[in-house]
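Chains S and E, in that order, give the protein sequences.
Note that my numbering has the first sequence beginning at 1, numbered continuously upward.
Note that my numbering has the second sequence beginning at 1001, numbered continuously upward.
C-beta atoms are modelled at their ideal positions from N, C-alpha and C, and glycine is treated no differently.
All remarks here apply to the structure that follows.
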Amino acid sequence: MKVKNGIYPEKVYTVSEITRLVKQALESTFPLIWIEGEMSNFFRHHSGHLYFTLKDEASQLRTVMFRSEVKQVPFEMKDGLQVICRGHLNVYEPRGEYQLVVEVVEPKGKGALQLAFEQLREKLKKEGLFDTKFKKKLPLLPKKVGVVTSPSGAAIVDIIRTLERRFARLHILIYPVKVQGEGAADEIVEGIDYLGSLADIDVIIMGRGGGSIEDLWAFNEEKVARAIFNCSVPIISAVGHEIDFTIADFVADVRASTPSVAAEMVIEKEQSFLERIGTFEKQIISQEKYFLQELKSEVLSLAHHKIFQNFKIKLLNLEQKIDELETKAWNTIQKEQQKIGENKSSVILMEEKIKNNVKRMLQNFQGQWEKLAAELHNLSPLNILKKGYTLCWRDEGQRLVRQIKEVHIESEMIVSFFKGEFTCLVKNVDSNKLIKSRLSKEER
Amino acid sequence: MRDLSFEKALAELEKIVEKLEGGDLSLNESLALFEKGVKLARYLREELQKAEKKVEILLKDEKGETRKELFELPQEEESSASEKDEDDLPF
Chain S
1 MKVKNGIYPE KVYTVSEITR LVKQALESTF PLIWIEGEMS NFFRHHSGHL
51 YFTLKDEASQ LRTVMFRSEV KQVPFEMKDG LQVICRGHLN VYEPRGEYQL
101 VVEVVEPKGK GALQLAFEQL REKLKKEGLF DTKFKKKLPL LPKKVGVVTS
151 PSGAAIVDII RTLERRFARL HILIYPVKVQ GEGAADEIVE GIDYLGSLAD
201 IDVIIMGRGG GSIEDLWAFN EEKVARAIFN CSVPIISAVG HEIDFTIADF
251 VADVRASTPS VAAEMVIEKE QSFLERIGTF EKQIISQEKY FLQELKSEVL
301 SLAHHKIFQN FKIKLLNLEQ KIDELETKAW NTIQKEQQKI GENKSSVILM
351 EEKIKNNVKR MLQNFQGQWE KLAAELHNLS PLNILKKGYT LCWRDEGQRL
401 VRQIKEVHIE SEMIVSFFKG EFTCLVKNVD SNKLIKSRLS KEER
Chain E
1001 MRDLSFEKAL AELEKIVEKL EGGDLSLNES LALFEKGVKL ARYLREELQK
1051 AEKKVEILLK DEKGETRKEL FELPQEEESS ASEKDEDDLP F
């Protein structure tokens, strides 16, 4: 064979031959390499395989990533992402093109899981899954607590011990799940869905003890986040230690730094419940006592008033009756108060007594009181004063003025209303004027 | 749900205390509040007593049917203590 320049080639390759040789040379020289670059022309084929180009300022390299490897990438791959890929060079003979067959993709500068975490957090945040308006309030006194965790982990021990310490009688239902590894997220989702579907579960604790980001990964998966969000029962997320934040923590109604803390959030100490109730009760009793004392002193101060001097004997009787009733009532109340302080274990007995004794006493007192108050009411000129009439006093308020002749020009008089009084200087006295003329004037 | 009524009752009791402290009540009102408050306190204590202690675990059989079993904590403290003892041995 002769060619133009008169040089005879030693060997002429077919396209297939040279392609195969290049393939052999390339593939044996670069069986495993790491390449960094920017992802572009990202394309996901419906078969599940991925195609993208790695590029830098000057060059481009085609890549393919097969479905089974794609599944292992936790974060979302897209154009513009700076990545480091591990793989081998391969020549695709039908097209004579070389490409990188990618086995592993890592984001540049941070771990793959870290990037996946950030991406999902951003996405769910945008969707509103972390919004405080969706956070459910924890019940004050749950009767039944659901726990989604491993039955053999440290978390379940911490949770049960803490709950038992705080509140002796509590119904706990454990939904056992794998908390790490293949299938863990699916089991956690099942657990949340199942416990959330039970009518009598008041609150759910979901979590596990500490571990690496890989160990905690199930709690960073989107399906777990969505299960938490869709659960109708309030969920406390307790994953790892204080410093570990997972997606589950952001979606849950409450985040607890550790499983023990979650248990503490579930229920107040029984003792502190009792103390709260006891304090309220004491306040009620002392308020009631104070209230009745006020009433009594009001009545007595009226009774001591000169106006009632004519009825003095009758009032003395009234006063005595009031005192008797009062003493009885107070004795009972005080006894009950002491009991509250001294003997917490017999609270039920104490309640029974309060209910029966104090109530009866107070009802009795109330009945008597109403009778007395009615009597007092009938006797009282104050009743009239309440309507706006006044009384007039002379001699520095010592004597009640009943007739005009008791009033002299330039003398000081005290005029009192039901509430309030004023002192005045008499400017003029008209002994003959009738009240009628003034009243008719006012009507006009 | 009982827990809601517990919360309501506690809030109501607190309100009664406030009302009584606020004053401006007739004797009748005051006594009625007092009685109600004492009843509420009693109810709250009863509610606290009502719950029963139980720790259960859900188990699934091959058919996917769930059943509950009583769950007991592993005697973790003792076993870890004995392990520790062994670790302390010099050989």
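- Taking a C-beta distance under 8 Å as the contact criterion, residue 411 (chain S) and residue 401 (chain S) do not qualify as a contact pair.
- Contact between residue 66 (chain S) and residue 49 (chain S) holds: their C-beta atoms lie close to 5 Å from each other, under 8 Å.
- Residue 1032 (chain E) is positioned such that its CB atom lies no closer than 8 Å to that of residue 1013 (chain E).
- Rounded to the nearest whole angstrom, the C-alpha separation of residue 47 (chain S) and residue 148 (chain S) is 36 Å.
- The alpha-carbon separation between residue 193 (chain S) and residue 177 (chain S) amounts to approximately 13 Å.
- For residue 1013 (chain E), the nearest CB of chain S lies under 8 Å from its own CB, placing it at the interface with that chain.
- CA-CA distance, residue 187 (chain S) to residue 108 (chain S), rounds to 32 Å.
- Taking 8 Å as the cut-off, the beta carbon of residue 237 (chain S) is found closer than this to the beta carbon of residue 249 (chain S).
- Against chain S, a Cβ distance below 8 Å from residue 1007 (chain E) picks out 139, 140, 141.
- Under the Cβ distance rule, residue 1045 (chain E) counts among the residues neighbouring chain S, one pair being separated by less than 8 Å.
- Looking at the DSSP output, residue 91 (chain S) bridges to S:98.
- Taking a beta-carbon distance threshold of 8 Å, residue 1037 (chain E) counts as an interface residue toward chain S.
- In the DSSP annotation of this structure, the continuous segment of the alpha helix (DSSP H) that includes residue 159 (chain S) starts and ends at 154 to 166.
- Between the segment 265 to 281 of chain S and the segment 1040 to 1058 of chain E there are three or more C-beta pairs closer than 8 Å, enough to call the two in contact.
- For residue 176 (chain S), the uninterrupted beta strand (DSSP E) segment begins and ends at 171 to 176.
- Counting of Cβ neighbours within 10 angstroms places residue 293 (chain S) among the exposed residues, the total staying below 16.
- The segment 105 to 125 of chain S makes no contact with the segment 157 to 175 of chain S; the number of CB pairs closer than 8 Å stays below 3.
- Counted as a single uninterrupted DSSP element, the beta strand (DSSP E) harbouring residue 238 (chain S) occupies residues 235 to 239.
- Chain order gives the chain E residues near residue 175 (chain S) as 1058, where near means a beta carbon separation below 7 Å.
- For residue 188 (chain S), the nearest beta carbon of chain E is not closer than 8 Å to its own beta carbon.
- If you ignore the 5 residues before and after residue 16 (chain S), its C-beta comes within less than 8 Å of the C-beta of 93, all in its own chain and listed in chain order.
- For residue 1010 (chain E), the neighbours in chain S by C-beta distance under 9 Å run, in chain order, 140, 141, 273, 276, 277, 280.
- Secondary structure at residue 432 (chain S): coil, using DSSP grouped into helix, strand and coil.
- The Cβ atoms of residue 259 (chain S) and residue 207 (chain S) lie closer than 8 Å to each other.
- For a cut-off of 8 Å, the C-beta gap from residue 64 (chain S) to residue 105 (chain S) is around 12 Å, too long to register as a contact.
- Judged by DSSP secondary structure, residue 114 (chain S) falls within the alpha helix (DSSP H) whose first and last residues are 112 to 127.
- CA-to-CA, the gap between residue 201 (chain S) and residue 161 (chain S) works out to about 19 Å.
- In the three-state DSSP reduction, residue 1065 (chain E) falls in the coil class, being neither helix nor strand.
- Following the DSSP letters along the chain, one finds residue 33 (chain S) inside the beta strand (DSSP E) bounded by residues 33 to 44.
- The Cβ-Cβ distance between residue 240 (chain S) and residue 216 (chain S) falls below 8 Å.
- Residue burial is scored here from C-beta neighbours: residue 267 (chain S) has at least 16 other C-beta atoms within 10 angstroms and is therefore classed as buried.
- For residue 1070 (chain E), the three-state secondary structure derived from DSSP is strand.
- Relative to the Cα of residue 243 (chain S), the nearest Cα in the group S:210, S:252, S:227, S:219 belongs to S:210.
- For residue 270 (chain S), the neighbours in chain E by C-beta distance under 7 Å run, in chain order, 1048.
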